[in-house]
Amino acid sequence: LKTQLHCDTLGLAFYTPHSKSISFEVLLKKGKPMKTFTVSLDSTDSFSAWTVLHKQSLLLNNMPEDFGQYLSKEPTTRRFPDSRSAIFLPLLKGNSVKGIFTVQAKEINAYSRQHLNLLESLASFITIAVENSLQHSLVQELNEKISNEKTELEYANEKIAHLANHDQLTGLANRRLLGEIMNQQIRNAKRDNNQFAVFFVDLDGFKAINDKYGHEMGDQVLVD
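In terms of the numbering used here, the sequence shown opens at residue 2 and continues consecutively.
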């Protein structure tokens, strides 16, 4: 674009209908990133809001002088500092606005109708790129959500399986899991003609701990 027209500042914004907001995702000044910002559609000091509302291009060659033709309030200079001339293009798909594209220059009278026609001829391609980007972001967001839900489901299943097979207090295998392990060991022993042993550990006098110190302390002794 810089070979065809003055372009000190370049901006690309997405329009979100449900929140009625215009979010500048790309904002460059002399090729360097600027701080991005969001504008409400009901802003009376924003050329971007006017462009979305009216679905029309704007050609401005003296923004400090020309704003009154479109805005009821003087536009804030912090959004586009040093800009005097500007073109604002609505990125349209059918009758829907997908976003805003703007080029700006610090000189007055920097743009002509020919410059506007050039950018309008590019607008449809920019709109397709913006829509593809939004669709890609939506698909990525849905994939991440599905992935997170899958991970949560797998964790829940693992937790349920663990609770079904282990004692909740000590985390040791319960009678159900012990039965499965024993049956598997018996089958393995028969198949391989081997033997295996089972050790039983009994705790004598444990009731006295519960009676003297309480069940909570008795549970802690079991865990330790």
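Built from N, CA and C at the ideal position, the CB exists for glycine as well.
Predicted, not measured: the structure shown is a model, and the values here were computed from it.
Asked	Found
I need the DSSP call for Ser134, collapsed to helix, strand or coil.	helix
Could you check the C-alpha separation between Gln185 and Asn149 for me, to the nearest Å?	35 Å
The alpha helix (DSSP H) that contains Ala87, what's its start and end?	Note, Ala87: premise wrong, no alpha helix (DSSP H); beta strand (DSSP E) at Ser86 to Lys94.
Could you check the C-alpha separation between Asp225 and Arg192 for me, to the nearest Å?	38 Å
Quick check on the burial criterion: 16 or more other C-beta atoms within 10 angstroms. Buried or exposed for Pro82?	exposed
Taking 7 Å as the limit between beta carbons, can you name the residues of its chain near Thr45, skipping five residues before and five after?	Leu72, Ser73 and Lys74
For Gly219, which residues in the same chain have their Cβ closer than 6 Å to its Cβ, ignoring the five residues on either side in sequence?	Ile210 and Asn211
Based on DSSP bridge pairs, tell me the residues matched to Phe15.	Ser24 and Gly100
Name the two residues that bound the continuous beta strand (DSSP E) containing Leu72.	No beta strand (DSSP E) holds Leu72; DSSP gives it neither H nor E.
Does Phe197 pass the burial test, meaning 16 or more other C-beta atoms within 10 Å, or should it be called exposed?	exposed
Are Phe102 and Ile127 close, meaning C-beta to C-beta below 7 Å?	yes
Comparing C-alpha positions only, which one of Val131, Ile23, Lys33 and Phe25 sits nearest to Cys8?	Lys33
What's the call for Ser86, buried or exposed, on a 16-neighbour Cβ count within 10 Å?	buried
Which of helix, strand or coil does DSSP assign to Lys33?	strand
What residue range is occupied by the uninterrupted beta strand (DSSP E) comprising Ser229?	Missing from the structure shown is residue 229; the chain here goes from 2 to 225 and no further.
What span of residues does the beta strand (DSSP E) with Leu170 cover, start to end?	From DSSP, Leu170 is part of no beta strand (DSSP E); its letter is neither H nor E.
Kindly indicate the opening and closing residues of the alpha helix (DSSP H) around Val224.	His216 to Val224
Just list the residues that DSSP pairs Leu60 with in beta bridges.	Ile88
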